[in-house]
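S.K.:
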Amino acid sequence: MDPQIADLARTAGTTMVTLMATTAWESARDGLVSLWQRFQPARAGGIGEEYEASRADLLLARETGDEDSEAELAAEWQGRVRRLLVAQPEVADELRRILDELTPHLPDQRPAVGEIHMTAEASGSGRVYQAGRDQHITER
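The structure is reproduced here in structure tokens:
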């Protein structure tokens, strides 16, 4: 599988679940449902209902202190989005547009080191340097 599709699905799933507990959840739901309406219309209604059910699960989990549910819900939505992207790669541009619109509504939080995902490709004699923070390179 294309690593960019996996990264996009991971970002979308995490973003959607994070927004479920914010005032922007309706915009997030509407964006997600519109995606399915355009590319898989037969599933659009069910996706809206599943998103609502996931939101109820998330709010209950937060109320009861169940910390694992949020990660499970994010993984579930990542899988759904990934399957959509694999079946119809043309969805990717529209999904990126929706995520760009929703990003300002995300709560301000810095990712933990374990949450940073980087990918890179080099060819020929190209080099790739990646760092999660400071990086100093001296070449001679």
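1 is the number of the first residue of the sequence shown in the UniProt record's numbering; add one for each residue after it.
Cβ coordinates follow ideal geometry from the N, Cα and C atoms, glycine included.
When you compare only the Cα positions, how much space is there between Arg55 and Ser123?
M.R.: Their backbone Cα atoms lie some 43 angstroms apart in a straight line.
S.K.: So what's Arg29 in DSSP terms, helix, strand or just coil?
M.R.: Looking at Arg29 - three-state DSSP - the assignment turns out to be helix.
S.K.: CB Ala131 to CB Gln78, shorter than 7 angstroms?
M.R.: Contact: no.
S.K.: Considering Cα atoms alone, identify which of Val81, Asp68, Arg140 is closest to Leu32.
M.R.: For Leu32, the nearest C-alpha among the options comes from Val81.
S.K.: Output the boundary residues of the alpha helix (DSSP H) element that contains Met20.
M.R.: Here the alpha helix (DSSP H) through Met20 covers 3–20.
S.K.: With the cut-off set at 7 angstroms, would you say Leu58 and Leu73 are in Cβ contact?
M.R.: Yes, the Cβ-Cβ distance between Leu58 and Leu73 is below 7 angstroms.
S.K.: For a test of the three-state rule: what should DSSP assign to Glu49, helix, strand or coil?
M.R.: Helix, per DSSP.
S.K.: In the DSSP assignment, find the alpha helix (DSSP H) that holds Gln78 and state where it starts and stops.
M.R.: Run containing Gln78: 68–87, per the alpha helix (DSSP H) assignment.
S.K.: Are Ala53 and His105 close, meaning C-beta to C-beta below 7 angstroms?
M.R.: Going by C-beta atoms, Ala53 is not nearer than 7 angstroms to His105.
S.K.: Between the beta-carbon of Leu99 and the beta-carbon of Val91, is there less than 7 angstroms?
M.R.: Not closer than 7 angstroms, so no.
S.K.: Output the boundary residues of the alpha helix (DSSP H) element that contains Val91.
M.R.: Counting along the chain, the alpha helix (DSSP H) containing Val91 begins and ends at 91–102.
S.K.: Alpha carbon to alpha carbon, how far is Val113 from Glu49?
M.R.: Bear in mind that a pLDDT of 43 at Val113, under 50, signals an unreliable position, so the number given afterwards is only what the model happens to contain. Cα to Cα, the separation comes out at about 34 angstroms.
S.K.: So, helix, strand or coil for Leu59, using DSSP?
M.R.: Note: Leu59 maps to helix in three-state DSSP.
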